[in-house]
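Data first, discussion second: the structure below is written as structure tokens.
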Amino acid sequence: MSVLLPNLESPGSKQHLLLLQSSVAQSSLSLIRHVIKTNSSRGRRTLLFSFLYESENLVNKNAAQNVDVHNYLDRVPGYVDESSELGSKMLSTIKEVDTESLDVIIDCVDTLVENLGTISETYRFLNSILVYLSSRSKHSRLILHICAPSPILPLLVSTSFSPSLTQCIAHPPALLLHLAKEYLTYPPPQTPEAKFWGVFLPITERIRDSEQLVYGPEGEGSGSLGDVIIEIIIRGGSDYSGRRKATERHLEGWQVPQSTAVPLEQLDSLNSLWRRTVVTEANPDPTQNVSFNLQLTPSQQESRARVPLPYAHEGQTIQLQQGSILYDPDSADDIDDDDPDEDLDI
């Protein structure tokens, strides 16, 4: 059962923060498109604040119902003197919506930080939105898109900002291929989860290494446009059984053209992980790499074949021959009449 889709489409109780994390190596914007499209089809109200991306790239024309787009692309720090009014204006826009359930989407937190001026000011502003949405309805959400590494990211994932959190981190498929090739570590269940996460997490924290897999000499030069690996982190709140004891971490595939979550085994870019070929190696020859020659020449083989064997092979009979003792006495023999030498003739 997919873990990603329920948390994107129908959040659980008290899950008010959804953090979508991209990187230079892989984008997670397709998840925003899916959330907006799903909300529109279900009649759920959505507020989209665009700071970096054109709304046409995030909102499908056929799914523009119940979506209010507020464009702030023209707000360039240093050219606009209304940065102090930006936060209060956005918060007033959110409070004017009279529906019970509401999703507020900010397409780029890093650009918002530049517009507001400081990280602390951005933190306080986002926290005020989250507090308002939490008190408004148990199903209202603040959806933030951020590109790692970002100086504000550690603050947004902290429990002081929000006790509950759903974080979706996009990774390129090349990362799992790299783990399988260099570390012989395959995704669960082929590898125990403790071992896999022990290798996977330290490498993903080194964002430069992930970028090198995509933009390096053997990389494709851009993030995958078809398949994406999504790491899902769920903290707090309650699952569909009504309880959640600790932070959960999952790994799923995301097909961008179909806009759906699938198991990793169904991603075409990872087919090589499941088709591991068995390499058969011949037993080593003990006669190789010795300091002397163990092979006989043809003449040596013929000479060996002419040597009579002191035994008979199974199935062959031995022909018995009459034996004789020939004794020719000489002058040194003791001639005794009582024991004549002729007695020795047999």
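Take 9 as the starting number for the sequence shown in my numbering and just add one per residue.
Positions of the beta carbon are idealized from the N, C-alpha and C atoms, including for glycine.
These numbers come from a predicted model, not from an experiment.
{"query": "PRO19: buried (16+ other C-beta within 10 angstroms of its C-beta) or exposed?", "result": "buried"}
{"query": "Who are the near neighbours of VAL117 in its chain, counting only those whose CB is closer than 6 angstroms to its CB and skipping five residues on each side?", "result": "LEU152, ILE154"}
{"query": "Could you name the residues that DSSP lists as bridge partners for GLY261?", "result": "ILE237, VAL270"}
{"query": "Can you tell me the Cβ-Cβ gap for PRO180 and LEU221, rounded? I've got them flagged as a contact below 8 angstroms.", "result": "7 angstroms"}
{"query": "Note the first and the last residue of the continuous alpha helix (DSSP H) segment covering SER280.", "result": "279 to 282"}
{"query": "Answer yes or no: do ASN47 and ASP111 have a C-beta to C-beta separation smaller than 7 angstroms?", "result": "yes"}
{"query": "Tell me the rounded alpha-carbon separation between ARG314 and GLN308.", "result": "10 angstroms"}
{"query": "Buried or exposed: which applies to ARG50, given that a residue is buried once 16 or more other Cβ atoms fall within 10 Å of its Cβ?", "result": "exposed"}
{"query": "Exposed or buried, what is GLN73 when buried is set at 16 or more other beta-carbons lying within 10 Å of its beta-carbon?", "result": "exposed"}
{"query": "Pick helix, strand or coil for THR212, following the three-state DSSP scheme.", "result": "helix"}
{"query": "Given ILE241, which residues of its chain have a CB within under 6 angstroms of its CB, disregarding the five upstream and five downstream residues?", "result": "GLN175, ARG257"}
{"query": "In angstroms, rounded to a whole number, what distance separates the CA positions of LYS146 and VAL105?", "result": "16 angstroms"}
{"query": "At what residue ranges does the stretch 124 to 181 contain a whole run of the beta strand (DSSP E), taking only runs of 3 or more?", "result": "149 to 156, 173 to 179"}
{"query": "Within the same chain, show all residues whose beta-carbon is closer than 8 angstroms to that of ILE127, passing over the 5 residues directly before and after it, in chain order.", "result": "VAL121, PRO159, ILE160, LEU163"}
{"query": "Do SER273 and LEU259 have their C-beta atoms closer together than 7 angstroms?", "result": "Reading off the sequence shown, one finds Glu at residue 273, where the question assumed Ser. Going by C-beta atoms, GLU273 is not nearer than 7 angstroms to LEU259."}
{"query": "Determine which residues share a DSSP beta bridge with GLN29 and list them.", "result": "ILE154, ILE177"}
{"query": "Assuming LEU26 and ASP115 form a contact by the criterion Cβ under 8 angstroms, report the distance between their Cβ atoms to the nearest whole angstrom.", "result": "In fact, because the Cβ distance is near 13 angstroms, the residues do not count as touching under 8 angstroms."}
{"query": "Return the CA-CA distance between PRO157 and SER166, expressed in angstroms with no decimal places.", "result": "16 angstroms"}
{"query": "Just tell me which of LEU138, ARG312, VAL32 has its CA closest to the CA of GLN23.", "result": "LEU138"}
{"query": "Is the beta carbon of ASN123 sitting closer than 7 angstroms to the one on ARG83?", "result": "yes"}
{"query": "Run through the DSSP bridge pairs and tell me what PHE59 is partnered with.", "result": "Answer is none; PHE59 lacks a bridge partner."}
{"query": "Under 8 angstroms Cβ to Cβ from ARG312, same chain only, skipping five residues before and after it: list those, please.", "result": "LEU304"}
{"query": "Identify, in the order they occur along the chain, each residue of the same chain with its Cβ nearer than 6 angstroms to the Cβ of HIS186, setting aside the five sequence neighbours on each side.", "result": "LEU221"}
{"query": "According to DSSP, what are the bridge partners of THR54?", "result": "VAL75, ASP111"}
{"query": "To the nearest angstrom, how far is the alpha carbon of LEU16 from that of ILE40?", "result": "9 angstroms"}
{"query": "For LEU302, does the count of other Cβ atoms within 10 angstroms reach 16, so buried, or fall short, so exposed?", "result": "exposed"}
{"query": "Between the alpha carbons of TYR223 and SER109, how many angstroms are there, rounded?", "result": "41 angstroms"}
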